[in-house]
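Below is one structure, written out as structure tokens; the observations come after it.
Numbering (the UniProt record's numbering), first residue to last: 1 to 271.
Quick look at the structure:
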């Protein structure tokens with residue numbers, strides 16, 4: 001109501017214009033694509049669909065909910081509206097995928113996505129190392145804190161998993177702190193282990209990122225040079241003196257008749 005309603009309306013109008021433009025652009029690209037199935041399977045196009053569809057779905061659901069709310073309904077209708085509200089909140093959260101559309105025109109975002117696909121094994125090793133270390137240090141810190149009568153922040157082993165994760169990743173929120181000396185020794189060991197375990201896969205991921213950036217940059221340069229060559233070829237004049245294909249004919253070369261005797265030339269004229 002009031003000023004808030006006006007701001008929401010302005011945002012809605014702006015969003016409608018942007019979604020209409022994105023939808024028109026996506027429609028043109030889909031019409032131009034030769035293979036429609038391959039076009040729809042492209043990751044960037046999937047992101048476009050997930051970013052555009054929630055607007056139309058939420059708009060349709062809002063219209064249906066408005067019509068149903070005007071009619072008298074019981075508890076079942078209220079539960080239905082609550083579920084619809086949860087779905088709408090989830091769909092509206094997908095609007096953040098608009099940002100991912102920049103990957104189509106950004107070399108940096110493309111470089112970020114390519115190493116993720118190439119380094120699946122390294123990411124798997126990283127998660128494996130963290131899980132093994134977490135399974136090792138969580139029971140140790142729980143036993144060290146509970147057996148020595150320290151402050152009961154580590155109430156169970158699953159609760160200690162959270163502490164192990166934030167310690168090995170060197171985040172350290174400080175919500176769970178070991179108070180006893182054995183617990184602090186375990187914490188120090190987990191921190192050092194986390195630094196070492198994360199350093200090994202991250203080095204390979206960094207090299208893959210650097211190599212992927214170089215490859216994408218070379219591809220862009222080759223594409224730019226190809227466009228320049230195509231532009232030069234389209235503006236280049238035709239071969240020869242420019243008279244080929246114009247229907248222009250010339251008399252035979254006079255130089256070919258210089259060695260012919262005069263009598264023969266007179267005979268040809270008389271004939």
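Using N, Cα and C, we set each Cβ at its ideal position, and we do this for glycine too.
Where residue 30 sits in the DSSP three-state scheme:
Looking at residue 30 - three-state DSSP - the assignment turns out to be helix.
Backbone secondary structure at residue 41 - three-state DSSP:
DSSP places residue 41 in coil when its eight states are reduced to three.
query = What are the boundary residues of the alpha helix (DSSP H) that includes residue 233?
reply = It spans 181-235 - the alpha helix (DSSP H) in which residue 233 sits, taken as one unbroken run.
Next item on the list: With a cut-off of 8 Å on the beta carbons, I'd call residue 97 and residue 47 a contact; round off their distance for me.
Entry: Contact flag correct, Cβ pair sits at about 5 Å.
Residue 124, enclosing alpha helix (DSSP H) - first and last residue: Taken as a continuous stretch (DSSP letters only), the alpha helix (DSSP H) holding residue 124 covers 120-147.
Handout entry: Own chain, CB closer than 8 Å to residue 186, minus 5 neighbours either side, in chain order
Key = Only 137, 140, 141, 144, 178 meet the Cβ criterion.
Check: Within 10 angstroms of its Cβ, does residue 119 collect 16 or more other Cβ (buried), or is it exposed?
Finding: Residue environment: residue 119 is assigned as buried (16 or more neighbouring CB atoms within 10 Å of its CB, all protein chains considered).
Same chain, Cβ closer than 8 Å to residue 162, neighbours up to 5 away in sequence not counted: Around residue 162: 176.
Is the Cβ-Cβ distance between residue 205 and residue 122 less than 9 Å? Result yes, Cβ atoms of residue 205 and residue 122 sit closer than 9 Å.
9 Å Cβ cutoff met for residue 113 and residue 43: Contact: yes.
Review point. Under the rule that 16 or more other beta-carbon atoms within 10 Å means buried, what is residue 164, buried or exposed?
Key: The residue in question, residue 164, is buried, as its Cβ has 16 or more Cβ neighbours within 10 Å.
| query | Where does residue 223 land, buried or exposed, given buried means 16+ other C-beta within 10 angstroms? | reply | When all chains shown are included, residue 223 counts as exposed.
**Message:** What does the alpha-carbon distance come out to for the pair residue 159 and residue 22?
**Reply:** For residue 159 and residue 22, the gap between their C-alpha atoms comes out near 46 Å.
Which listed residue (12, 16, 49, 99) has its alpha carbon closest to that of residue 29
Comparing Cα positions, the closest option is 49.
Item to complete: With DSSP collapsed to three states, give me the class of residue 90.
Response: Note: residue 90 maps to helix in three-state DSSP.
Query raised in the report: From residue 209 to residue 169, what does the alpha carbon distance come to, in whole angstroms?
Result: The alpha-carbon atoms of residue 209 and residue 169 are separated by roughly 21 Å.
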